[in-house]
Amino acid sequence: MPVVLVAAWWTATAGSTDFFWPPLRTILGTFDDTWFHGRITSDVLPSLGRLAAGYLLALALGVGLGVAIGSVRVLRALLEPVLEFFRAIPSPVLVPILMLFAGIGNGMKILVIVSGCVWPVLLNTVEGVRALDEVLQDTARCYRMRPHSRLVHLVLRGASPQITAGARQALSIGIILMVISEMFAASNGVGFTIIQFQRGFSIPQMWSGIILLGLIGIALSAAFHVVETRVLRWYTGLRRAQREG
Numbered sequence: 000m001p002v003v004l005v006a007a008w009w010t011a012t013a014g015s016t017d018f019f020w021p022p023l024r025t026i027l028g029t030f031d032d033t034w035f036h037g038r039i040t041s042d043v044l045p046s047l048g049r050l051a052a053g054y055l056l057a058l059a060l061g062v063g064l065g066v067a068i069g070s071v072r073v074l075r076a077l078l079e080p081v082l083e084f085f086r087a088i089p090s091p092v093l094v095p096i097l098m099l100f101a102g103i104g105n106g107m108k109i110l111v112i113v114s115g116c117v118w119p120v121l122l123n124t125v126e127g128v129r130a131l132d133e134v135l136q137d138t139a140r141c142y143r144m145r146p147h148s149r150l151v152h153l154v155l156r157g158a159s160p161q162i163t164a165g166a167r168q169a170l171s172i173g174i175i176l177m178v179i180s181e182m183f184a185a186s187n188g189v190g191f192t193i194i195q196f197q198r199g200f201s202i203p204q205m206w207s208g209i210i211l212l213g214l215i216g217i218a219l220s221a222a223f224h225v226v227e228t229r230v231l232r233w234y235t236g237l238r239r240a241q242r243e244g
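For the sequence shown, numbering that gives the first Met the number 0 gives the first residue as 0, with consecutive numbering after it.
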């Protein structure tokens, strides 16, 4: 499918004279000079660094709070309406508010990413903890498992399929918020550079930035798939055994 889409794009724009819709060969011809001669270190790596910081912080907060809320029924009943309210607020509208409190530096951009990524991780973790097998929980109590062992081997492992589902959703949200946060009062980053190209009417370079974001998304998705396969090896093996049985 990607090959078909690229071929269709190449064919559809081969003879284009539209200033805003240049041929794909022109866009690809600017790709190397635009991104691989200085902007990798000045724009791409800072963007990926902010994405990594915000995403990992959101994972830590989402899993930590999700385990606590999912394990305590009273806490879950009290907080679920509040969580649903804040989850419904689009993260991009928080950018002006976060700029007032965190300024326009990296802290603001990381907070924007955290504000959007934390919700799918948190809510999926809560549901994963709630869905733990009661027989396994009773068995853990009967064997008097230590709290740390119970957390690692029962709670986190049992909820890991839904945690990873939330983490996958959060990754795509994080890439979007990375770009949006860099479009507001930034001095570097992929989103900032794309906006600068658009304002300077450097249209092929602008399109090359959009293609770069797609490639970054594909690479991060592939890396996540590798980690997910290793983390959920026990789960996929269990499901395969159940189907075969």
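Heads up, the beta-carbon is just placed ideally off N, CA and C, and yes, glycines get one too.
| Query | Result |
| --- | --- |
| Hey, quick one: how far does the alpha helix (DSSP H) through residue 185 stretch, first residue to last? | It is not in any alpha helix (DSSP H) - residue 185 carries neither H nor E in the DSSP assignment. |
| Tell me which residues share the same chain as residue 97 and place their Cβ nearer than 7 Å to its Cβ, disregarding the 5 neighbours each side in the sequence. | 107, 110 and 111 |
| I need the boundaries of the alpha helix (DSSP H) containing residue 224, first residue and last residue. | 202–230 |
| Tell me whether the stretch 54–71 and the stretch 132–148 touch, counting them as touching only if at least three CB pairs, one residue from each stretch, are closer than 8 Å. | no |
| Count the other CB atoms, across all protein chains shown, that sit within 10 Å of the CB of residue 0; report buried if there are 16 or more and exposed otherwise. | exposed |
| Return the residue from the list 185, 84, 85 and 176 that minimises the CA-CA distance to residue 52. | 176 |
| Between which two residues does the alpha helix (DSSP H) carrying residue 84 extend? | 72–86 |
| Hey, could you find the ends of the alpha helix (DSSP H) residue 97 is sitting in? | 94–101 |
| Distance check for residue 136 and residue 210, CA to CA, integer angstroms please. | 48 Å |
| Between residue 119 and residue 179, is the Cβ-Cβ spacing less than 8 Å? | no |
| Roughly how many angstroms lie between the CA atoms of residue 26 and residue 169, to the nearest whole one? | 30 Å |
| Give the range of the alpha helix (DSSP H) segment to which residue 11 is assigned. | 1–11 |
| Counting along the chain, where does the alpha helix (DSSP H) carrying residue 118 start and finish? | 105–129 |
| To which residues of the same chain is residue 121 closer than 6 Å at the C-beta, ignoring the five residues directly before and after it? | 61, 64 and 65 |
| Sorted by chain position, which residues of the same chain lie with C-beta nearer than 8 Å to residue 74's C-beta, five sequence neighbours on each side aside? | 67 and 68 |
| Are the CB atoms of residue 34 and residue 207 nearer to each other than 8 Å? | yes |
| State the DSSP-derived secondary structure class of residue 90, mapped to helix, strand or coil. | helix |
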